[in-house]
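J.:
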Amino acid sequence: MEQRRFTKLLSPTDTRRRMTVPKANLGDFEFPTGQHAMDIEAADTTEQQWTFRLSIRKNNHPNPRPVFTGQWIRFVKEKGLRKGDRIVFSRQQTEGQLPDQEGLTMSMQVHDRNGEVWIFSCTIKRNDSVGHFLSVGWNKFVRERDLRVDDKVTIHEEAMKKQGTGTWIKVEVQRKIRLFGEDIWADV
Numbered sequence: 001m002e003q004r005r006f007t008k009l010l011s012p013t014d015t016r017r018r019m020t021v022p023k024a025n026l027g028d029f030e031f032p033t034g035q036h037a038m039d040i041e042a043a044d045t046t047e048q049q050w051t052f053r054l055s056i057r058k059n060n061h062p063n064p065r066p067v068f069t070g071q072w073i074r075f076v077k078e079k080g081l082r083k084g085d086r087i088v089f090s091r092q093q094t095e096g097q098l099p100d101q102e103g104l105t106m107s108m109q110v111h112d113r114n115g116e117v118w119i120f121s122c123t124i125k126r127n128d129s130v131g132h133f134l135s136v137g138w139n140k141f142v143r144e145r146d147l148r149v150d151d152k153v154t155i156h157e158e159a160m161k162k163q164g165t166g167t168w169i170k171v172e173v174q175r176k177i178r179l180f181g182e183d184i185w186a187d188v
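In this text, residue positions in the sequence shown follow the UniProt record's numbering: the first is 1, and each later residue adds one.
(1) Is the Cβ-Cβ distance between residue 152 and residue 185 less than 8 Å?
(2) How about residue 53 and residue 68: do their beta carbons lie closer than 8 Å?
(3) Taking the straight line between their C-alpha atoms, what separation do you get for residue 16 and residue 47?
(4) My understanding is that residue 229 touches residue 169, with C-beta atoms under 8 Å, so please give their C-beta distance in whole angstroms.
(5) Using CA coordinates, which residue listed in 85, 90 and 11 is at the minimum distance from residue 44?
(6) Can you give me the C-alpha to C-alpha distance between residue 83 and residue 18, rounded to a whole angstrom?
(7) State buried or exposed for residue 39, treating a residue as buried only when at least 16 other CB atoms are found within 10 Å of its CB.
(8) Give me the residue from 113, 183 and 149 with the minimum Cα distance to residue 171.
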């Protein structure tokens, strides 16, 4: 899933030295704690990989002025970019990664312990009582698996065994049952 981050008309400085990232979009990037610079891995429309260095001024400067350096000027030259060209930055949501902006939804293909595939949609709401929630496909799963209140549902990534590489998302359901006077969790 692609999320548009920002669009910018390139200035002479953007095409000769470094690109200034609009300050309003600085929040789109998560700097490691205490750091003022980080590498951004990017791919252009031809899938060529680029590494841009995003940095801000140190010491809580009132104008952080975020800029791209690193391979930025090489990118500009190879693409033939000039002053006045418009550039669009977007972010590709990684498969299996939950959306991180309110209102965004992603579909995820989930495998249960029987190998059956389920499609769930996950949406995020900025609300302490909701957070991420599953919508499309979830009610069918609940009905067909006869889930009950207090059942424990775990959704996690697991390495693929048969295909060799990659991961898949697995859903596990357990129910607390009483056996010989003890509470145990059994797969449902």
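We treat Cβ as the ideally placed atom computed from N, Cα and C, and that holds for glycine.
T.: Working from what's here:
(1) Within the sequence shown, residue 152 is the residue found at index 152, counting from 1. Within the sequence shown, residue 185 is the residue found at index 185, counting from 1. Note that the C-beta distance between residue 152 and residue 185 is below 8 Å.
(2) Counting from 1 along the sequence shown, the entry for residue 53 is found at position 53. Counting from 1 along the sequence shown, the entry for residue 68 is found at position 68. Their beta carbons are under 8 Å apart, which means residue 53 touches residue 68 by this criterion.
(3) On the sequence shown, residue 16 is found 16 positions in, with the first residue counted as 1. On the sequence shown, residue 47 is found 47 positions in, with the first residue counted as 1. Residue 16 and residue 47: Cα-Cα distance of roughly 24 Å.
(4) There is no way to answer for residue 229, as the model of the chain reaches only from 1 to 188.
(5) One-based indexing of the sequence shown puts residue 44 at position 44. Nearest C-alpha to residue 44: 90.
(6) Mapped onto the sequence shown, residue 83 falls at position 83. Mapped onto the sequence shown, residue 18 falls at position 18. Pairing residue 83 with residue 18, the inter-Cα distance amounts to about 12 Å.
(7) Taking the sequence shown and counting its residues from 1, the one referred to as residue 39 is at position 39. Under this definition residue 39 is an exposed residue.
(8) Residue mapping note: residue 171 aligns to position 171 of the sequence shown, counting from 1. Residue nearest to residue 171 within the set 113, 183 and 149 is 113 (criterion: CA-CA distance).
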